[in-house]
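**Student:**
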Amino acid sequence: MLRESEGDVTARRVLVRGTIQGVGFRPFIYRLARRCGLSGWVRNAGDGVEIHVEGASTGVVAFLEAVASEAPPAADVAHLDSEAAVLEGTPSFQIISSKRGSRLTVRLSPDLCVCDACRAEMNDPADRRAGYPYINCTNCGPRYSIIRRLPYDRPFTTMADWKMCADCTREYLDPLDRRFHAQPTACPVCGPSYDIRSEGAREGAAVVEAADRLRNGEILAVKGIGGYHLACDAQNVEAVKALRERKFRKEKPFALMVRDLATVDGLVKMVPDARRLLESAARPIVLMPARRELPGVAPGIDDLGIMLPYTPLHHLLFDAGAPSILVMTSANRSSEPIAYEDDEAFEQLAEMADAFLVGERPIARRVDDSVAQIGPLGPTILRRSRGYAPSPAAVLPAGGPVLAVGADLKNAVTLVVDGEAFVSQHIGDLEHYGALTAFQETVEDLLSMYGVPAADLRVAHDVHPQYISTLEALEIGSDRISVQHHRAHVASVLAEHGAFEERVLGIALDGTGYGDDGAVWGGEFFLGSLKEGFTRIAHLREARLPGGDAAARHPVQAASGFLADLDNLPDLEAAPFEFPDRYRAACELLDKDVRVFRTTSFGRLFDTAAALCGFTRSITYEGQAAIWLEQLARRSEINEGYPFPELDFRPLLEALITDRTHGRRVEDIARAFHLGLAKGLAERAEAACEREAPAAIVLSGGVFQNRILLGELVQAFGDVRPVWTNHAVPCNDGGISLGQAAVASFAS
Ligand code: ZN
Ligand code: ZN
Ligand code: FE
24 MLRESEGDVT ARRVLVRGTI QGVGFRPFIY RLARRCGLSG WVRNAGDGVE IHVEGASTGV
84 VAFLEAVASE APPAADVAHL DSEAAVLEGT PSFQIISSKR GSRLTVRLSP DLCVCDACRA
144 EMNDPADRRA GYPYINCTNC GPRYSIIRRL PYDRPFTTMA DWKMCADCTR EYLDPLDRRF
204 HAQPTACPVC GPSYDIRSEG AREGAAVVEA ADRLRNGEIL AVKGIGGYHL ACDAQNVEAV
264 KALRERKFRK EKPFALMVRD LATVDGLVKM VPDARRLLES AARPIVLMPA RRELPGVAPG
324 IDDLGIMLPY TPLHHLLFDA GAPSILVMTS ANRSSEPIAY EDDEAFEQLA EMADAFLVGE
384 RPIARRVDDS VAQIGPLGPT ILRRSRGYAP SPAAVLPAGG PVLAVGADLK NAVTLVVDGE
444 AFVSQHIGDL EHYGALTAFQ ETVEDLLSMY GVPAADLRVA HDVHPQYIST LEALEIGSDR
504 ISVQHHRAHV ASVLAEHGAF EERVLGIALD GTGYGDDGAV WGGEFFLGSL KEGFTRIAHL
564 REARLPGGDA AARHPVQAAS GFLADLDNLP DLEAAPFEFP DRYRAACELL DKDVRVFRTT
624 SFGRLFDTAA ALCGFTRSIT YEGQAAIWLE QLARRSEINE GYPFPELDFR PLLEALITDR
684 THGRRVEDIA RAFHLGLAKG LAERAEAACE REAPAAIVLS GGVFQNRILL GELVQAFGDV
744 RPVWTNHAVP CNDGGISLGQ AAVASFAS
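When the letters of the sequence shown are read in order and numbered with the numbering used here, they come out as residues 24 to 771.
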């Protein structure tokens, strides 16, 4: 006879879901069950971790309480269901092999930085892993970047080719060991190693040689977690210059890896939120205001992007005497995706690197470094990748699985399975062939990892008929929905906030998005909710834009369209404006009405103001002119803005031009522009709020990376209106796929 209890002995079956595979969860359960005097088993199941416990009912109660409250630091228990079960009479507690589930909706762990315990062993000369660059344990190390498929077991990772030695096997099988079931565990005897590859490389001691070379000003390609970096001494001006030349990267800031917090402190102003982000297991690049300039690292920018070492190898490099501030930039040709396969790296980087520091463990997929900053509303992510992907960024009440393919710039894709929105790593700009390949691989990857057949998918894409992502979406599945770009921006914030029914006022400001009317939108006010949809209720006064998207690269070209609407325009080719020839060429396009588009883009309005303030050349990276203008404004303390009534840019630009003609400081002009925009936006929003009483004001779109504008708006709304913006996904186009997924989840 099957029984659920005998005397005081009861049995329970527990199903746990969350980020629990690959973070030491099963070993934790094992130790916990033994502590509570229970027998039974634990195994990875398709939809989480399944546990069977039996024993004294007090023990079972204590066990259930501790499962959530004492879980390992990297684990995130989202759901815990338990029910009475039939006694199995198991003699002890065991970890048993994984169940092949029907669908693998388990949350997969992102890559984690090396933990303190592993670092201590690595630094202990007596430890058998002293100086070993691939040290890891159940609390730390690579996950997403080594997984070939689920469930997370060694044969399905890039460690499959290394057979564990007797010592590693013993640890792996010992439930009381920190490496119990640590899938990537390895040691110098049995595991992969690092090597230097270059002319005249010395045998062995690869890390020491690499550190020497960095000290001597060489540029090294270093294999990391999710791809190769190019590294050099950030305080060696010649090395930094050489890196820019070899990488064809003129001005875009380089990220830095800094030895320790004390060194970071000397380099930038670090608020507590920034420090927490820097030290978090995700180890993102954090943008912080510089205390001193490092020539060539971030030309014309007052911020530095800094990360702490996150792999054992990084720590070993610094300990071996590498310069304490390193440039650590994704190894690729300008704007192509990061190189992650060895052959590809050797081929692409041969001209750029003086030597290669190559690890043997393969990388299963590209994962760039993530980038974050501390905004007026707290930490926000600007590029969501290593350390975050593929964690879910939101929970959505989707019926079936949804795939959202994002936008063409800063592409990332989102897969919704059983209501969880898994956002991929940053993929890049799809116009580059390499990024397009990465896009296809990532879609393939997510679908196969989560066991979703393409035929079951609802596919969400942008309304832009010529977006590459749109064309790709047309190849996948048959149930498709198109989502307007700026509605997707607003929806991404609502998805993050779990606000499905709340009616909000959404303000989406960015560079480019295809509008309902085919115009280039980018300054839009919406009213509505995820459930009912969003109605456009206001927008920036429409301007003309000669050359369409090409104008985004040339501020004076964007300016020509906005300025054509103004009366009494001075000669902009004369001082102090000195617009180059391109301006006249753009004016001719306007006159002939050839390739002229209509636009409400705030990005182009920023470009116009930047051109009038002196940024008259072409940009060398996306958003450069607007970033330049924000930097100028940060050096001013005036508090009077230009008029911007009813989102009409004409009075704003007229005031700007008058000030500039009269020789006012450009720093003050730039700030008056920012303050004017914020005041005008806030007034327009208040007018809408009086009529409609929305639950919150939602701000999204790449323009909100601008901390002055966001800060002023937050202040303007004060405590009267809740202001929501993005935190878990970028407010730039990196967050579009989450917004598309949210809209698709509600569309019938
Ligand atoms: Zn560890
Ligand atoms: Zn070993
Ligand atoms: Fe956008």
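Just so you know, even glycine gets a beta-carbon here, dropped at the ideal spot from N, CA and C.
What are the start and end residues of each continuous alpha helix (DSSP H) run of 4 or more residues lying completely inside the region 248-290, in chain order?
**Tutor:** DSSP runs (the alpha helix (DSSP H)) wholly in the region 248-290: 260-270, 284-290.
**Student:** Quick check: what's the CA-CA separation for Asp756 versus Leu532?
**Tutor:** The sequence position of residue 756 within the sequence shown is 733, counting from 1. The sequence position of residue 532 within the sequence shown is 509, counting from 1. Each residue's alpha carbon lies about 11 Å from the other.
**Student:** For Glu715, which option in Met472, Thr558, His512, Leu405 has the closest C-alpha, if you only look at C-alpha atoms?
**Tutor:** In the sequence shown, residue 715 corresponds to position 692, counting from 1. Selected option, being the one with the closest Cα: Thr558.
**Student:** Check whether the region 652-664 and the region 690-707 are in contact - that is, three or more C-beta pairs closer than 8 Å.
**Tutor:** Yes, the region 652-664 touches the region 690-707.
**Student:** What residue does the beta strand (DSSP E) around Val390 start on, and which one ends it?
**Tutor:** Within the sequence shown, numbered from 1, the residue matching residue 390 stands at position 367. Segment: none, Val390 is in no beta strand (DSSP E) and carries neither H nor E.
**Student:** Can you tell which of Gly534, Lys554, Ser771, Ala376 has its C-alpha closest to the C-alpha of Glu547?
**Tutor:** Looking up residue 547 in the sequence shown gives position 524. Checking every option, the nearest Cα to that of Glu547 belongs to Gly534.
**Student:** Where does the unbroken alpha helix (DSSP H) through Pro335 begin, and where does it stop?
**Tutor:** Within the sequence shown, the letter at position 312 stands for residue 335. Unbroken alpha helix (DSSP H) run through Pro335: 335-342.
**Student:** Let me check understanding here. Comparing Cα to Cα, which of Cys138, Ser216, Ser515, Ser221 lies closest to Met334?
**Tutor:** Within the sequence shown, residue 334 is the residue found at index 311, counting from 1. Just to set this straight, residue 334 is Thr in the shown sequence, not Met. Selected option, being the one with the closest Cα: Cys138.
**Student:** Helix, strand or coil, according to DSSP, for Gly30 in the structure here?
**Tutor:** Position 7 of the sequence shown, counting from 1, holds the residue named residue 30. It is coil, neither helix nor strand.
**Student:** Rounded to whole angstroms, how far is the Cβ of Cys210 from the Cβ of Arg151, which I believe are closer than 8 Å?
**Tutor:** As a working note, residue 210 is residue 187 in the sequence shown. As a working note, residue 151 is residue 128 in the sequence shown. Sure, about 6 Å apart at Cβ, within 8 Å.
**Student:** Can you tell me which of the three DSSP states His577 falls into?
**Tutor:** Within the sequence shown, numbered from 1, the residue matching residue 577 stands at position 554. Coil at His577, not helix or strand.
**Student:** When the Cα of His685 is compared with those of Tyr175, Pro599, Pro165, which residue comes out closest?
**Tutor:** Locating residue 685 in the sequence shown gives position 662, where the first residue counts as 1. Residue Pro599 is the option with its Cα nearest to His685.
**Student:** Under the DSSP definition of a beta bridge, which residues are partnered with Leu761?
**Tutor:** Residue numbering aside, residue 761 sits at position 738 when the sequence shown is read from its first letter. DSSP, once it has assigned bridges, lists no residue as partnering Leu761.
**Student:** Going by C-alpha distance, which of His508, Ile324, Ala710 is nearest Leu778?
**Tutor:** In this structure the chain extends from 24 to 771, so residue 778 is not present and cannot be described.
**Student:** Output needed for Ser760: all residues of its chain with C-beta closer than 6 Å, excluding positions within five of it in sequence on either side, in chain order.
**Tutor:** As a first step, residue 760 must be located in the sequence shown, where it is residue number 737. Here the set comprises Ala427, Gly429, Ala435, Val436, Thr437.
**Student:** Give me, in chain order, the residues of the same chain whose beta-carbon lies closer than 7 Å to that of Pro385; leave out the 5 immediate sequence neighbours on both sides.
**Tutor:** Sequence index remark: in the sequence shown, residue 385 carries index 362 (1-based). Same-chain partners within the cutoff: Thr181.
**Student:** Does the separation of the CB atoms of Ala765 and Ala514 fall below 8 Å?
**Tutor:** Numbered from 1 along the sequence shown, position 742 holds the residue referred to as residue 765. Numbered from 1 along the sequence shown, position 491 holds the residue referred to as residue 514. Yes, the pair counts as a contact, with Cβ atoms nearer than the cut-off.
**Student:** Examine the Cβ distances between the region 389-409 and the region 207-222 and report whether three or more of them are shorter than 8 Å.
**Tutor:** Not touching, per the Cβ criterion.
**Student:** Flag this pair as yes or no: are the beta carbons of Phe445 and Pro413 separated by less than 8 Å?
**Tutor:** On the sequence shown, position 422 is the one that residue 445 refers to. On the sequence shown, position 390 is the one that residue 413 refers to. The answer is yes: Cβ separation under 8 Å.
**Student:** Taking 8 Å as the limit between beta carbons, can you name the residues of its chain near Pro593, skipping five residues before and five after?
**Tutor:** Along the sequence shown, read from residue 1 onward, the residue named residue 593 stands at position 570. Cβ neighbours of Pro593 beyond the five flanking positions: Phe600, Ile680, Thr684.
**Student:** With a threshold of 16 other CB atoms inside 10 Å of the CB of Val294, please say whether the residue is buried or exposed.
**Tutor:** If you number the sequence shown from 1, residue 294 lands on position 271. Classification for Val294: exposed.
**Student:** Report the three-state DSSP secondary structure of Glu706 (helix, strand or coil).
**Tutor:** In the sequence shown, residue 706 corresponds to position 683, counting from 1. Looking at Glu706 - three-state DSSP - the assignment turns out to be helix.
**Student:** Residues near ligand 2, CB to any non-hydrogen atom under 5 Å, in chain order?
**Tutor:** Working through the chain, the matches are Cys188, Cys191, Cys210, Val212, Cys213.
**Student:** For Gly725, is the beta carbon positioned less than 7 Å from some heavy atom of ligand 3?
**Tutor:** Here the question's residue 725 lines up with position 702 in the sequence shown. Answer for Gly725: yes, Cβ within range of ligand 3.
**Student:** Below 8 Å between beta carbons: does that hold for Leu652 and Pro666?
**Tutor:** Reading the sequence shown from its first residue, position 629 is the one you call residue 652. Reading the sequence shown from its first residue, position 643 is the one you call residue 666. The answer is no: Cβ separation not under 8 Å.
**Student:** Compute every distance between the C-beta of Val137 and the non-hydrogen atoms of ligand 1, then say whether any falls below 7 Å.
**Tutor:** For the purposes of this step, residue 137 is identified with residue 114 of the sequence shown, where counting begins at 1. True, at least one ligand heavy atom lies under 7 Å from that Cβ.
**Student:** Which one of Gly725, Cys712, Gly664 has the shortest CA to CA distance from Lys702?
**Tutor:** Within the sequence shown, the letter at position 679 stands for residue 702. Checking every option, the nearest Cα to that of Lys702 belongs to Gly664.
**Student:** Should Ala205 be listed as close to ligand 3, given that the test is whether its C-beta is under 7 Å from any heavy atom?
**Tutor:** For the purposes of this step, residue 205 is taken as the residue at position 182 of the sequence shown. Not under cutoff, so the answer is no.
**Student:** Tell me Trp185's beta-bridge partners as DSSP assigns them.
**Tutor:** Here residue 185 refers to the residue found at position 162 when the sequence shown is read from its first residue. DSSP, once it has assigned bridges, lists no residue as partnering Trp185.
**Student:** Decide if the region 91-105 is in contact with the region 39-49; the criterion is three or more beta carbon pairs, one per stretch, under 8 Å apart.
**Tutor:** At 8 Å Cβ cutoff, the stretches touch.
**Student:** Where do the ends of the alpha helix (DSSP H) carrying Tyr606 lie?
**Tutor:** Within the sequence shown, numbered from 1, the residue matching residue 606 stands at position 583. 604-615 is the span of the alpha helix (DSSP H), which, as asked, contains Tyr606.
**Student:** Return yes when at least one heavy atom of ligand 4 lies under 7 Å from the C-beta of Asn162, else no.
**Tutor:** Among the ligands modelled here, namely ligand 1, ligand 2 and ligand 3, ligand 4 does not occur.
**Student:** Can you look up Arg627 in the DSSP assignment and give me helix, strand or coil?
**Tutor:** To locate residue 627, count along the sequence shown from 1; it is residue 604. Helix at Arg627.
**Student:** Please classify Gly521: is it buried, with 16 or more other beta-carbons within 10 angstroms of its beta-carbon, or exposed?
**Tutor:** Here residue 521 is taken as the residue at index 498 of the sequence shown, counted from 1. Exposed, since its Cβ has fewer than 16 Cβ neighbours within 10 Å.
**Student:** Quick one: is Ala573 buried, meaning 16 or more other Cβ sit within 10 Å of its Cβ, or exposed?
**Tutor:** Along the sequence shown, read from residue 1 onward, the residue named residue 573 stands at position 550. It is exposed - the Cβ of Ala573 has fewer than 16 other Cβ atoms within 10 Å.
**Student:** Is the closest heavy atom of ligand 3 to the C-beta of Gly762 under 7 Å?
**Tutor:** Within the sequence shown, residue 762 is the residue found at index 739, counting from 1. For ligand 3, not one heavy atom lies less than 7 Å from the Cβ of Gly762.
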